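In the numbering used here, the protein residues as written are 34 to 342. Positions of the beta carbon are idealized from the N, C-alpha and C atoms, including for glycine. Computed from a predicted model, the values in this text were never measured in an experiment.
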């Protein structure tokens, strides 16, 4: 469900000395832009693979393309082939998603999701650097021991080959923010201290008047959610710069904005339960009525963020 576990990479920066690979590009969650920036900071190559941007499945790309690049993999983020949660099995948006897979000739089942992630893992391992980690989205351990989710069969396979689980969520029947980080070699966690709002103010082009809005909206996000700014006028752009500086998963909707910003542009039809929309001060009342028909987590106006509980 789009958990932001990929940001854990900042805590292991000293272990990244080879390429970063993402299988399954972002849909507004922020993983692709985060990993691209991180790779640039580390001076390593970054590859993102998705049917939309490459026309290939992750396993096809790993089998046919990556071996020709003469690179090793230090970190792989596997976030493709959606998992069907029992919680959402009757939701219309999920049935539509299953239909979209079917039209592409793919049966969207949990067994197929696990099989694809196992195949991708087995294709990654021969090219893994000595210090390498694989992050599985929507993956967790059940209370009675077995692994399940996307990496449910890949993790036992890795463990049998000497890899170890570095971080994951607590055992649970069905967490919506599940993940598992599995590694080999000398991966060591280093604490990352962030003072994002102070950093944003020091950028010199942001108004302190917007800091409470940015902080309040970021704090209201549930794990795995992305904040979508509706409206990219002057106010929306100010909020966007502040949220990006703070590392908040953010996207935007604005048909008329033609500027450059390091965040995904979405359409109304892209919105789903993992999105919370902040209607910026430049936007108008008709937008709120359009959003009421969307199956999203929340819709906020700036004034809503400070309403009494």
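According to DSSP, residues forming a beta bridge with residue i
i, result
"residue 54", "80 and 109"
"residue 248", "None, per the DSSP bridge assignment."
"residue 333", "311"
"residue 217", "165"
"residue 212", "170"
Rounded distance between the beta-carbons of residue j and residue i, thought under 8 Å
i, j, result
"residue 48", "residue 80", "The pair is not a contact, with the Cβ atoms about 18 Å apart (cut-off 8 Å)."
"residue 186", "residue 147", "5 Å"
"residue 219", "residue 311", "The pair is not a contact, with the Cβ atoms about 41 Å apart (cut-off 8 Å)."
"residue 305", "residue 126", "6 Å"
"residue 166", "residue 199", "7 Å"
"residue 214", "residue 68", "Actually they do not touch by this definition, with Cβ atoms about 14 Å apart."
Residue i burial status per 10 Å Cβ neighbour count (16 or more: buried)
i, result
"residue 98", "exposed"
"residue 100", "exposed"
"residue 193", "exposed"
"residue 216", "buried"
"residue 254", "buried"
"residue 66", "buried"
"residue 295", "exposed"
"residue 182", "buried"
"residue 113", "buried"
"residue 330", "buried"
"residue 120", "exposed"
"residue 137", "exposed"
"residue 289", "exposed"
Neighbourhood of residue i by C-beta, 7 Å cutoff - its chain only, sequence neighbours within 5 removed
i, result
"residue 96", "156"
"residue 246", "272, 335 and 338"
"residue 92", "149, 152, 153 and 156"
"residue 10", "For the chain, the structure presents residues 34 to 342; residue 10 sits outside this window and is missing."
"residue 212", "36, 38, 168, 169, 170, 172, 201 and 202"
"residue 235", "Residue placement at residue 235 is poorly supported in this model, since its pLDDT is 39, which falls under 50; the coordinates still yield a value, given next. None."
"residue 262", "269, 272, 273, 283, 285, 311 and 313"
"residue 103", "none"
"residue 143", "116 and 117"
Close Cβ partners of residue i (< 8 Å) along its chain, the five nearest in sequence each way excluded
i, result
"residue 221", "45, 47 and 48"
"residue 321", "312, 332 and 334"
"residue 77", "49, 50, 51, 52, 53 and 107"
"residue 300", "286"
"residue 176", "204, 205 and 206"
"residue 145", "114 and 139"
"residue 189", "180"
Close beta carbons around residue i, own chain, < 6 Å, minus the five adjacent residues each side
i, result
"residue 82", "56, 91 and 94"
"residue 163", "218"
"residue 70", "none"
Residue i: CB within 8 Å of a non-hydrogen atom of the ligand GDP
i, result
"residue 48", "No copy of the ligand GDP appears in this structure; indeed no ligand is present at all."
Where in the segment 68-99 do unbroken runs of the alpha helix (DSSP H), each at least 4 residues long, occur, reported from the N-terminal end onward? Fully enclosed alpha helix (DSSP H) runs of 4 or longer: 84-87 and 91-97.
Whole runs of the beta strand (DSSP E) within the segment 257-327, excluding any shorter than 3 residues: Those beta strand (DSSP E) runs which fall completely within the segment 257-327 and span 3+ residues are 259-263, 283-286 and 308-312.
Entirely enclosed alpha helix (DSSP H) segments - the segment 119-204, minimum 4 residues: Unbroken alpha helix (DSSP H) stretches of 4 residues or longer found wholly inside the segment 119-204: 125-136, 143-157 and 187-192, given in chain order.
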